[in-house]
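One structure below.
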Amino acid sequence: MGQKYDQIRKQLALNIRAMRGRKGLSQEDLAFAAGLDRTYISQVERCVGNPSLKVLCSIAMVLEVDIQELFDAVADSALQALPPA
């Protein structure tokens, strides 16, 4: 998986953090609403945690976005990072 995987995880973490901020939610608010622990949200946002699909769905529901939106910018940034063919 390597570098590309790490880049995608980092962008996903940044997206979650940014969306949470736009909603005016603290990590604790997001964690409580998603049924998670605040320290886990912190880990996800720092690329320490590796969230499951179930966790990502819960986070997306609280942020009131489709799960796809958590990945839209990830796909764009990952494609931009690829070297030209």
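Quick note on numbering: the sequence shown equals residues 495 to 579 in this note's numbering. Note that CB positions come from ideal geometry on N, CA and C, so glycine has one too.
For the pair ALA528 and CYS551, the Cα-to-Cα distance works out to about 9 Å. Between TYR499 and GLN505, the alpha-carbon positions lie close to 10 Å from each other. For LEU564, the secondary structure class from DSSP, reduced to helix, strand or coil, is helix. Secondary structure note for ASP523: its alpha helix (DSSP H) is the uninterrupted segment 521–528. Across the structure, ILE535 and LYS517 are spaced so that their CA atoms are roughly 15 Å apart. Cβ contact annotation for ARG514 (same chain, cutoff 6 Å, sequence separation greater than five): LEU524, in chain order.
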